[in-house]
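Notes to accompany the following structure.
There are 2 protein chains.
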Amino acid sequence: MSDTHDNDAYRQQMARKKRLIDARVQKADRDQGVLLVNTGNGKGKSSAGFGVIARALGHDMQVGVVQFIKGAFSTGEETFFRRIPGVEYHVMGEGFTWETQDRERDLAAARQAWQVAARMLGDERYQVVLLDELNIVLNKELLPLDEVLGVLNRRPAMQHVVITGRHAPQALIDLADTVTWMKMEKHAFKAGIRAQKGMEL
Amino acid sequence: MSDTHDNDAYRQQMARKKRLIDARVQKADRDQGVLLVNTGNGKGKSSAGFGVIARALGHDMQVGVVQFIKGAFSTGEETFFRRIPGVEYHVMGEGFTWETQDRERDLAAARQAWQVAARMLGDERYQVVLLDELNIVLNKELLPLDEVLGVLNRRPAMQHVVITGRHAPQALIDLADTVTWMKMEKHAFKAGIRAQKGMEL
């Protein structure tokens with residue numbers, strides 16, 4: 005073991021880290037509903053949204069999920085969360101937009117999904133709301149961005165919202181409290197491994 | 005609606021996207037256990053790991069979870085997944101390393117957690133294994149990297165593994181099939197909002 009890793013140095017290093025973290029924790033003293041946006045080209049945007057849902061359910065919170073894009077992918081989480089009490093789960097749309105290739109149908113599906121989402125965002129009984137792949141819908145201008153931002157702004161003060169998908173609009177990023185950019189460094193798919201049950205499906 | 009968004013252009017654009025995706029899907033024709041690494045400084049690394057667990061459970065797969073760092077945070081997911089059949093859940097360690105400030109105790113805790121993990125990684129009945137915050141343990145050299153990489157390399161061919169935490173070692177990134185770098189663009193904590201139940205807790 006090198007000198008930099010002896011127990012004294014370790015203790016000093018960790019004690020310093022603890023002081024810094026304690027000071028930051030003390031400064032963060034407000035409670036409010038958080039708007040979390042997961043965007044970027046990497047794997048994990050939706051998975052992280054569903055992880056937050058699991059965390060909230062561990063606290064027996066009431067959660068709502070609207071999946072804006074129903075694809076060939078992502079069937080596992082739907083099956084799983086539909087079994088769990090405390091989750092209201094809606095899946096909208098008729099497949100990826102590149103499957104339908106029909107803008108009028110996509111507009112109608114987006115509108116229908118948004119009506120469900122807007123109802124949840126107006127009701128404080130939903131403590132956490134996941135709007136999965138909403139960013140894609142906004143990027144394709146299938147919903148008016150101003151209307152979506154307005155409803156998010158007027159939502160109950162303590163309601164948490166998670167929005168996922170590539171191409172989050174800048175105005176949504178500006179409104180959000182926490183934003184993670186998920187960058188693909190590597191993807192198994194590109195190495196010829198097809199989508200695996202439990203990982204992508 | 006602008007010209008670029010009329011229905012014909014939309015159809016052509018989506019049809020092209022579909023051709024590209026179909027071609028890529030056709031090229032990805034192998035099945036194998038995937039090693040997924042979530043690293044970076046942003047929120048979502050562990051959440052995404054737990055989202056994958058939810059997805060796998062939706063397919064009634066058998067999963068194992070080892071949390072290498074038990075902190076003040078992240079209590080919701082433990083409560084939640086301990087309720088679910090099909091999950092074997094271990095929490096190791098005695099708090100963040102900057103809480104203990106004792107390298108010997110951290111080394112012992114890491115070794116104990118790794119023994120549980122290594123048992124799972126040697127048993128094909130565990131179809132998905134989540135090693136939460138293992139990267140932090142590796143970065144602090146609390147476990148020998150070579151030993152960990154060796155066990156990962158020899159694991160059952162179809163077993164999926166998810167490893168999370170900041171500072172993933174380069175050799176682990178090299179071994180991984182899918183790597184997401186989660187970049188913090190914004191965090192509510194920095195704006196003075198304390199950790200919220202269901203989001204961080």
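From first to last, the protein sequence lines are chains A and B.
Each residue of the first sequence is one higher than the one before, counting from 5 in the numbering used here.
Each residue of the second sequence is one higher than the one before, counting from 5 in the numbering used here.
C-beta: ideal position from N, C-alpha, C; glycine also.
#1: So, using beta-carbon positions, are leucine 156 of chain B and valine 166 of chain B closer together than 8 Å?
#2: Based on Cα-Cα distance, which residue from A:Ala122, A:Gln71, A:Asp110 lies nearest to methionine 18 of chain B?
#3: Going by C-alpha to C-alpha distance, which of A:Gly53, A:Val183, A:Leu146, A:Val38 sits closest to methionine 259 of chain A?
#4: Whole beta strand (DSSP E) runs in the region 5-76 of chain A with 3 or more residues, listed along the chain?
#5: My output table needs one value for glutamate 108 of chain A: the three-state DSSP class, helix, strand or coil.
#6: For threonine 168 of chain B versus asparagine 139 of chain B, is the C-beta spacing smaller than 8 Å?
#7: Relative to chain B, which residues along the region 40-54 of chain A have a C-beta separation below 9 Å, given in chain order?
#8: Do three or more CB pairs link the region 89-97 of chain A to the region 22-31 of chain A at distances below 8 Å?
#9: Which residues in chain B sit within 8 Å of phenylalanine 72 of chain A, going by Cβ to Cβ distance?
#10: Using a C-beta to C-beta distance shorter than 8 Å, which residues of chain A count as neighbours of isoleucine 177 of chain B?
#11: Here's the rule: buried if 16 or more other CB atoms are within 10 angstroms of the residue's CB, otherwise exposed. What is glutamate 108 of chain A?
#12: Here's a check: name, in chain order, each residue in its chain whose Cβ is nearer than 8 Å to the Cβ of threonine 43 of chain A, leaving out the five neighbours to either side.
#13: Please confirm whether tyrosine 14 of chain A has its beta-carbon closer than 8 Å to some beta-carbon of chain B.
#14: Leaving out five residues on either side along the sequence, give the residues of the same chain with a beta carbon under 7 Å from the beta carbon of proline 160 of chain A.
#15: By the 8 Å beta-carbon criterion, what residues does the region 115-146 of chain B contribute toward chain A?
#16: Determine the DSSP secondary structure at isoleucine 88 of chain B, reduced to helix, strand or coil.
#17: Work out the CA separation of arginine 115 of chain B and phenylalanine 54 of chain A for me, nearest whole Å.
#18: For threonine 150 of chain A, is the classification buried or exposed, using 16 other Cβ atoms within 10 angstroms of its Cβ as the cut-off for buried?
#19: Could you tell me whether the Cβ of glycine 202 of chain B comes closer than 8 Å to any Cβ of chain A?
#20: Does the beta carbon of glycine 90 of chain B come closer than 8 Å to any beta carbon on chain A?
#21: Going by the DSSP bridge assignment, what does threonine 79 of chain A pair with across the sheet?
#22: Could you tell me if aspartate 10 of chain B is buried or exposed, where buried requires 16 or more neighbouring beta carbons within 10 angstroms of its beta carbon?
#23: Return the bridge partner residues of valine 185 of chain A from the DSSP annotation.
#24: Listing by chain order, which chain A residues have their CB less than 8 Å from the CB of glutamine 163 of chain B?
#25: Within the 8 Å Cβ cut-off, does histidine 63 of chain A reach chain B?
#26: With C-beta atoms as the reference, is tyrosine 130 of chain A less than 8 Å away from glycine 68 of chain A?
#27: Would aspartate 7 of chain A pass as an interface residue toward chain B - the criterion being a Cβ-Cβ separation below 8 Å?
#28: Measuring only the C-alpha atoms, how far is lysine 22 of chain A from valine 41 of chain A?
#29: Which residues does DSSP pair with aspartate 136 of chain B in a beta bridge?
#30: Compare the C-alpha of alanine 60 of chain A against each of A:Pro89, A:Arg20, A:Ile197, A:Ile73 and name the closest.
#31: Could you tell me which of A:Lys194, A:Asp181, A:Phe193 sits nearest to methionine 188 of chain B, measuring between CA atoms?
#32: Express the C-alpha separation of leucine 205 of chain B and serine 51 of chain B in angstroms, rounding to a whole number.
#33: For glutamate 137 of chain B and arginine 20 of chain B, what's the separation of their Cα atoms in angstroms?
#34: Should alanine 58 of chain A and glutamate 81 of chain B be called a contact, given that it needs their Cβ atoms to be closer than 8 Å?
#35: Listing by chain order, which chain B residues have their CB less than 8 Å from the CB of valine 38 of chain A?
#36: Taking the beta strand (DSSP E) that isoleucine 167 of chain A falls in, what are its first and last residues?
Let me spell this out:
#1: no
#2: Taking only the C-alpha atoms, the option nearest methionine 18 of chain B is A:Asp110.
#3: Residue 259 of chain A is absent from the structure shown; chain A starts at 5 and stops at 205.
#4: 39-43, 67-71
#5: helix
#6: Yes, these two residues count as a Cβ contact at 8 Å.
#7: Residues passing the 9 Å Cβ filter: Leu40, Val41, Asn42, Thr43, Gly44, Gly46, Lys47, Gly48, Lys49, Ser50, Ser51, Ala52, Gly53, Phe54.
#8: no
#9: Residues of chain B passing the Cβ test: none, with the nearest at roughly 16 Å.
#10: Glu189, Lys190
#11: exposed
#12: Cβ within range, chain order: Lys49, Asn139, Thr168, Gly169, Arg170, His171, Ala172, Ile177, Val183, Thr184, Trp185, Met186.
#13: yes
#14: Gly37, Glu128
#15: Against chain A - using a Cβ distance shorter than 8 Å - the residues of the region 115-146 of chain B are Gln131, Val132, Glu145.
#16: coil
#17: Going by the C-alpha atoms only, they are around 30 Å apart.
#18: Per the sequence shown, the amino acid found at residue 150 of chain A is aspartate instead of threonine. Aspartate 150 of chain A comes out exposed.
#19: yes
#20: no
#21: Threonine 79 of chain A is not bridged to any residue.
#22: exposed
#23: Checking the sequence, you will find tryptophan at residue 185 of chain A rather than valine. DSSP lists A:Thr43, B:Lys187 as partners of tryptophan 185 of chain A.
#24: Under the 8 Å cutoff, chain A gives no residues; its nearest Cβ is about 10 Å from glutamine 163 of chain B.
#25: yes
#26: yes
#27: Interpretation of aspartate 7 of chain A is limited by its pLDDT of 48, a score under 50 that renders its predicted location unreliable; no figure is taken from the coordinates.
#28: 28 Å
#29: B:Gln71
#30: A:Pro89
#31: A:Asp181
#32: 11 Å
#33: 40 Å
#34: yes
#35: Ala192, Ile197, Gln200, Met203
#36: 164-168
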